[in-house]
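Student: Have a look at the structure that comes next, please.
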Amino acid sequence: MQLFIEQLLNGIATGSIYALITLGLALVYGIMRILHVAHAAVYTVGAYMGLLFFNLTGSLLAAILGSMAVCALLGVLIERFVYFPLLKYPPFVPLIASIAILLSVEELSRLLAGPQILTFPAVLPFPELHIAGVTINSTITAVYCITALVLALLWVITTKTELGLAMRAASQDRAIADAMGINSHLIISITFVIGSAIAAIAGILVGIYFNQIYPTMGAIPAYKTLAIIVVGGMGSAPGAVVASMLLGMAETLLIGYANIPLPRDAIAFIAMIGVLMWRSEGIMGSR
Amino acid sequence: MNGYLVTIATIIAINAIVASGLNVIVGFAGQISLGHAAFFGIGAYAAALLATKAGLSFWVALPGVIAITAAIGLLLGIPSLRVRDDFLAITTIGINFIVEAVFNNFEFFGGALGISGIPRVVLFDLKFRGTEFLYLCLFFLAVVMIISWWLTRSWAGLACFAMREEEAAASSVGISPVRFKLLAFVIGTGMAGLGGALYAHFMHFISSSDFSFPLSVSLLSMVVVGGIGTLWGPILGAIIIGILPELFRPLIDYRILFYTTLLLLMIRFQPGGILGENSLARRVFTKILPRGKK
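Those protein sequence lines, which keep their order, are chains D and R. Those letters in the first sequence? Residues 1 to 287, by my numbering. Those letters in the second sequence? Residues 288 to 581, by my numbering.
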């Protein structure tokens, strides 16, 4: 039983991290209908930048803020110079461009930072918790708290502010939104800023959680998050969060507790195909 | 030709066969597939198992290999029919991951050790090795190209083109999208199976990592770089993508970066591919040949 609870808590932490990575992808898909595979590249850069700023300043807060700024800039650059000019082409064109960005960034980080695994020696200033005889270490507490904070902030932004209203308008119909006086290109850029900044947080959290940062750390998340947004309902941010949590728990429990002989990373895709056959709009999507 | 060049040329020819198959699915029928390496792998594994476990010769096994791959293509094409565009791209990525996982995790497929000891191709007393094997691949490439060419001229191909441009309009004039999507899947995956069989007999050893997702990406890149939907595009793409890493070999550390950056620039500024409509090469070409076909 204790093992089960431990695995469950680990699963929620894994799910939280998936949610932080997937959110940006869901936001971008919602507003631009582009599969932003290169989001995982932003996440990798976020982890490296976090480590760089941490080593330079010694402050974790500075590391997180600096990394968020760099990633937001990177996200906007990708949007301005690659995706936006390609919007008029069929969807596979920006998709391939996105994969090319991901591979280029992986290579660039390998060349600049070296192929070896770097460690992230930061300790997150969060308390250890003891619940029902199970100890939750400070990193997992931090993952919970930061994820909850980010989700709450994002919820407030998208539902309570005028910016959120404009984002929803632009994601429903860009042309109409433009006609109503919304600068939809600016809204798209802001969406990239938000999504990429969240990816930076995810990168740093993963770096600290597993204590390793390496050039291809974005490879698996890049494709797994695609499966997650399908399961959650394309472009639906709440769906992305729910699907991430479910997947995180499913992976951890099935592999760690039930010991099923399946590769961990295939579960997301099996779930995806199941969901597509059952309900092709995803668990929280709409048609 | 020395062995190095023959090896590269053989790999390029095999890739051109597989990329032509992908072109039938993506270029002709407009179905984005990012999991073509899975079918390449299914062909290679089928050929390897038939050769090592059943002891069949390449020639006897080949129709079976193509049939198996095409049948699995048909089977996996059915769920893909329910989804379009982006969803299809993700579904096919999923198919690639699952197929790779099955090869890697089941003892029957050799597990992580792969399958080794795949025999040489023999016809009467002639053993195909080196240059002979290259000629064999080129022969099959020609067959694949003839099938592709026939497809562009046939009713089925025209129906596919119509469906690619506007599915609703095509179905309103009596073209069944389901039938032609599946037809494209079957032909395209069959070609991948052929390529896989050649690959298995060329390498003598295969493992699941040979058919992972990055290969699917480079196959799609070949089709896109060369010119999507054109007859010669996939071949040109296979040549370019096959040769580039070799040309960049002196810059061994930077070559993948150059190569991915080139792909990015290519897709950003010439998304139709080198031979695609409205491309630079095609415009120059039609200027030189004013009566240029198409």
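Positions of the beta carbon are idealized from the N, C-alpha and C atoms, including for glycine.
#1: Counting only beta-carbon separations shorter than 9 Å, does R/Pro366 have a partner in chain D?
#2: For the putative contact between R/Ser307 and R/Ser495, defined by C-beta atoms under 8 Å, what is the C-beta separation to the nearest angstrom?
#3: Keeping to the same chain, check which residues put their C-beta closer than 8 Å to that of D/Val143; ignore five residues upstream and five downstream.
#4: Does DSSP put D/His130 in a helix, a strand or coil?
#5: Is R/Ile462 closer than 9 Å to R/Phe478 when the C-beta atoms are compared?
#6: If we require 4 or more residues per run, which alpha helix (DSSP H) segments fall completely within the stretch 181–239 of chain D?
#7: Using beta-carbon positions only, say whether D/Ile228 and D/Leu247 come within less than 9 Å of one another.
#8: What is the rounded straight-line gap between the Cα of D/Pro85 and the Cα of R/Leu551?
#9: For R/Ile319, return the contacting residues in chain D, with the cut-off set at a CB-CB distance below 9 Å.
#10: As a quick exercise: from R/Leu309, R/Phe393, R/Ala341 and R/Leu337, pick the residue whose alpha carbon is nearest that of R/Ala471.
#11: Looking at C-alpha atoms only, which residue of R/Leu538, R/Ile433, R/Gly529 and R/Tyr546 is the closest neighbour of R/Leu292?
#12: Just checking: is the beta-carbon of D/Ala100 within a distance shorter than 9 Å of some beta-carbon in chain R?
#13: Taking just the CA atoms, how far does D/Leu51 sit from D/Phe120?
#14: For the beta strand (DSSP E) that R/Val313 lies in, which residues bound it at each end?
#15: Please confirm whether R/Phe500 and R/Leu321 have their CB atoms less than 9 Å apart.
#16: Along the chain, where does the alpha helix (DSSP H) that runs through R/Leu538 open and close?
#17: In the DSSP output, what is R/Lys615 paired with across the bridge?
#18: Count the other C-beta atoms from every protein chain shown that fall within 10 angstroms of the C-beta of D/Ser236, then say buried if there are 16 or more, exposed otherwise.
#19: Among the candidates R/Ile561, R/Met553 and R/Gly328, whose CA atom is the shortest distance from the CA of D/Ala100?
#20: Give the residues of chain R in contact with D/Val82, contact being defined as C-beta atoms less than 8 Å apart.
#21: Quick check on this structure: which residue in R/Gly360, R/Gly401 and R/Ile526 has the alpha carbon closest to the alpha carbon of R/Met490?
#22: Between the Cα of D/Gly207 and those of D/Leu27, D/Tyr43, D/Tyr29 and D/Leu35, spot the shortest distance and give me the residue it belongs to.
#23: Can you find a C-beta in chain D that's less than 9 Å from the C-beta of R/Val508?
#24: At a cut of 8 Å, does the stretch 357–364 of chain R reach the stretch 420–428 of chain R through at least three beta carbon pairs?
#25: If we ignore side chains and look at the alpha-carbon of each, how far apart do D/Pro94 and D/Ala197 end up?
#26: Any beta carbon from chain D within less than 9 Å of R/Pro558's own beta carbon?
#27: Taking 9 Å as the CB-CB cut-off, is D/Pro221 touching chain R?
#28: Does R/Phe393 come out as helix, strand or coil in the three-state DSSP assignment?
#29: For a test of the three-state rule: what should DSSP assign to D/Ile267, helix, strand or coil?
#30: Looking only at C-alpha atoms, which of D/Thr135, D/Met277 and D/Leu226 sits nearest to D/Gln7?
#31: Could you work out which residue in R/Val510, R/Gly516, R/Leu538 and R/Thr517 is closest to R/Ile526 when comparing CA atoms only?
#32: With burial defined as no fewer than 16 other Cβ atoms inside 10 Å of the residue's Cβ, what is the status of R/Val408: buried or exposed?
#33: Going by DSSP, what residues sit across from R/Val403 in a beta bridge?
#34: Thinking D/Leu27 and D/Gly195 are a contact (beta carbons under 8 Å), I'd like their distance in whole angstroms, please.
#35: Could you tell me which chain D residues have their CB closer than 9 Å to the CB of R/Ile543, listed as they occur along the chain?
#36: What are the complete alpha helix (DSSP H) segments, minimum 4 residues, inside the stretch 307–356 of chain R?
Tutor: Looking at the coordinates:
#1: Yes, R/Pro366 lies at the interface with chain D (some Cβ there is under 9 Å from its Cβ).
#2: Actually they are not in contact, since the Cβ atoms of R/Ser307 and R/Ser495 sit about 24 Å apart, beyond 8 Å.
#3: The beta carbon of D/Val143 lies closer than 8 Å to those of Ala13, Ser16, Ile17, Leu205 and Tyr209 in the same chain, with the five residues before and after it left out.
#4: Three-state DSSP puts D/His130 in a strand.
#5: Just to set this straight, residue 478 of chain R is Met in the shown sequence, not Phe. No; because the gap between Cβ atoms is not below 9 Å, this pair is not in contact.
#6: Segments of the alpha helix (DSSP H) lying fully in the stretch 181–239 of chain D: 184–209 and 219–232.
#7: In this structure, D/Leu247 lies closer than 9 Å to D/Ile228 by Cβ.
#8: Roughly 13 Å separates the two Cα atoms.
#9: Within 9 Å Cβ-Cβ: Pro90, Pro91, Phe92 and Leu95.
#10: That would be R/Leu309, whose Cα lies nearest to the Cα of R/Ala471.
#11: Taking the Cα of R/Leu292 as reference, the smallest distance to any Cα among R/Leu538, R/Ile433, R/Gly529 and R/Tyr546 is reached at R/Gly529.
#12: Yes - at least one Cβ of chain R is within 9 Å of the one on D/Ala100.
#13: One alpha carbon belongs to D/Phe120, the other to D/Leu51, and they sit about 6 Å apart.
#14: No beta strand (DSSP E) contains R/Val313, which DSSP labels as neither H nor E.
#15: Contact flag set, yes.
#16: No alpha helix (DSSP H) contains R/Leu538, which DSSP labels as neither H nor E.
#17: Since the first and last residues shown for chain R are 288 and 581, residue 615 of chain R lies out of range.
#18: Counting the other CB atoms within 10 Å of its CB gives D/Ser236 a total of 16 or more, which places it among the buried residues.
#19: Among R/Ile561, R/Met553 and R/Gly328, the Cα nearest to that of D/Ala100 belongs to R/Met553.
#20: Those are Leu551 and Arg555, listed as they occur along chain R.
#21: Among R/Gly360, R/Gly401 and R/Ile526, the Cα nearest to that of R/Met490 is on R/Gly401.
#22: Among D/Leu27, D/Tyr43, D/Tyr29 and D/Leu35, the Cα nearest to that of D/Gly207 belongs to D/Tyr43.
#23: The sequence given here places Ser at residue 508 of chain R; Val does not occur at that position. Chain D contact via Cβ: present.
#24: Taking 8 Å as the limit for Cβ pairs, the verdict is that the stretch 420–428 of chain R does not touch the stretch 357–364 of chain R.
#25: Between D/Pro94 and D/Ala197, the alpha-carbon positions lie close to 21 Å from each other.
#26: So yes, R/Pro558 belongs to the interface.
#27: So, not an interface residue.
#28: Three-state result, R/Phe393: coil.
#29: It is helical.
#30: That would be D/Thr135, whose Cα lies nearest to the Cα of D/Gln7.
#31: When only C-alpha atoms are compared, the closest one is R/Val510.
#32: R/Val408 counts as buried, since no fewer than 16 other beta carbons sit within 10 angstroms of its beta carbon.
#33: The question names Val, but residue 403 of chain R in the sequence shown is Ser. Partner(s): R/Phe492.
#34: The Cβ separation is near 5 Å, so the contact holds.
#35: Correct list: Leu103, Ser104, Glu106, Glu107 and Arg110.
#36: Runs found: 323–339.
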